[in-house]
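Following: one structure in structure tokens, then a few remarks.
Protein chains: 2
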Amino acid sequence: MQNQQVLTKNQKIVLDIIEKSSQPLKAYSILFDVKKKGINAPLQVYRALDKLVEIGKIHKIESRNAFIACKNSKCQITKATVFSICENCEDVKEIHDHKLSEHLKHYKDNKGMKYSKYNLEFFGLCKKCINK
Amino acid sequence: MQNQQVLTKNQKIVLDIIEKSSQPLKAYSILFDVKKKGINAPLQVYRALDKLVEIGKIHKIESRNAFIACKNSKCQITKATVFSICENCEDVKEIHDHKLSEHLKHYKDNKGMKYSKYNLEFFGLCKKCINK
DNA sequence: TTAATTTTTGTTATAATATAACACTATGTA
DNA sequence: TACATAGTGTTATATTATAACAAAAATTAA
Ligand SMILES: [Zn+2]
Ligand SMILES: [Zn+2]
Ligand SMILES: [Zn+2]
Ligand SMILES: [Zn+2]
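The listed protein sequences correspond, in order, to chains L and C. If you're matching positions, the first sequence starts at 1 in my numbering and goes up one per residue. If you're matching positions, the second sequence starts at 133 in my numbering and goes up one per residue.
What follows is the structure, given as structure tokens:
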């Protein structure tokens, strides 16, 4: 039921904007874009974002305070994410690497703690930026 | 040279506060604490934090906007971090797992991007919080 | 040493990100 | 219907972080 959620008007509007962008969007830039659709206040955007993150339709890039759509239905279950971020051009991509995901999903530390979620952000230079 | 940096007065004051805490501190809580030592403005704290992160003395917990001291000299080289975060009591610990670090350090995706840095945050419940 | 350069500082102001509180409305369920 | 739950709209405010600028301190290069 969590995954086949019926979205509300505001949630749809916000998701739509994010899905149209290949790159992460910031909350206030989303707010600016949706003002013509009747969403006026930050809180309306943040509430929609919270819900969309919760149901796995979008992810938050923590180091950038920005939100990107998820194209992989599996993320909606795991809430475990891996991103690649170019430190020069800020290009962000979600990495779907089954082997890496499995490895992290089953990771146990020596403190008796078991993990249900993780967020991994890789930083470097993308192909374009390496070749200047 | 990067690692044996001589710290300035403000950097020392801020580092000192962070090292005395076992848990991550937020910038404005640090500011509150250092006011008696003559640091008056947010920017003075943020500048010290930036430098301390840069030289690897502290790490930023991105999902919490908070800063924690690093006890592992190796981090000062790699700038690659792994944290464990309890979602109930907010207890944060740095994970030093050589095998995991090596695995991530050498990770290559299929987009021709190679990574120099990463930040991994695991979320779950700590031992105490599992047993309520 | 002296002058040039870089880094750090102190300060004020402001930008950017995010939440509290409250009254109201829609939706689901018994 | 009545009750519970979730979402809305709004105003105000809290929290996190940076811009801009002038002055002081530390480094470097003649
Ligand atoms: Zn995803
Ligand atoms: Zn790039
Ligand atoms: Zn460390
Ligand atoms: Zn705990």
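From the three backbone atoms N, C-alpha and C, an ideal C-beta is built for every residue, glycine too.
Please tell me whether residue i and residue j are closer than 8 Å, where the distance is taken between their beta carbons.
i        : j        : result
Leu157/C : Leu184/C : no
Gln143/C : Ala180/C : yes
Val45/L  : Ile30/L  : yes
Lys168/C : Met113/L : no
Glu257/C : Glu219/C : According to the sequence displayed, residue 257/C carries Leu and not Glu. Yes, they are a contact pair.
Val166/C : Ile150/C : no
Is any non-hydrogen atom of ligand 2 found closer than 7 Å to the C-beta of residue i, if you look at the structure I gave you?
i        : result
Asp91/L  : yes
Lys128/L : yes
Asn88/L  : yes
Cβ of residue i versus every heavy atom of ligand 1: is any distance shorter than 7 Å?
i        : result
His59/L  : yes
Thr8/L   : no
Glu253/C : no
Cys70/L  : yes
With a threshold of 7 Å, establish whether the CB of residue i neighbours any heavy atom of ligand 4.
i        : result
Lys114/L : no
Leu257/C : yes
Identify every residue that forms a DSSP beta bridge with residue i.
i        : result
Glu186/C : Per DSSP, none; premise fails for Glu186/C.
Ser84/L  : Lys93/L and Phe122/L
Phe67/L  : Leu25/L and Lys60/L
Lys37/L  : Partner(s): none; Lys37/L has no beta bridge.
Lys114/L : Lys108/L and Leu257/C
Starting from the beta carbon of residue i, find every residue of chain C whose beta carbon is closer than 8 Å, and list them in chain order.
i        : result
Tyr115/L : Ser216, Phe254, Phe255 and Gly256
Answer yes or no: the CB of residue i versus the heavy atoms of ligand 3, is any distance below 7 Å?
i        : result
Glu226/C : yes
Asn197/C : no
Thr78/L  : no
Asn131/L : no
Thr81/L  : no
Asn172/C : no
Mind listing the chain L neighbours of residue i? Cutoff is C-beta to C-beta under 7 Å, in chain order.
i        : result
Ile227/C : Asp109
Ser195/C : Glu62 and Asn119
Find the residues of chain L that neighbour residue i, judging by a C-beta separation of less than 9 Å, and give them in chain order.
i        : result
Gly244/C : Cys126, Lys127 and Ile130
Please list, in chain order, the chain C residues whose beta carbon lies closer than 9 Å to that of residue i.
i       : result
Asn88/L : Going along chain C, no residue has its Cβ under 9 Å from Asn88/L, so there is no contact; the nearest lies around 11 Å.
* Does the count of Cβ pairs from the segment 76-89 of chain L and the segment 53-64 of chain L closer than 8 Å reach three? -> yes
* To do: Take every Cβ of the segment 116-132 of chain L, pair it with every Cβ of the segment 151-169 of chain C, and state whether three or more of those distances are shorter than 8 Å.
  => no
* Evaluate contact between the segment 220-239 of chain C and the segment 97-114 of chain L, counting only Cβ atoms and requiring at least three cross-stretch pairs below 8 Å. => yes
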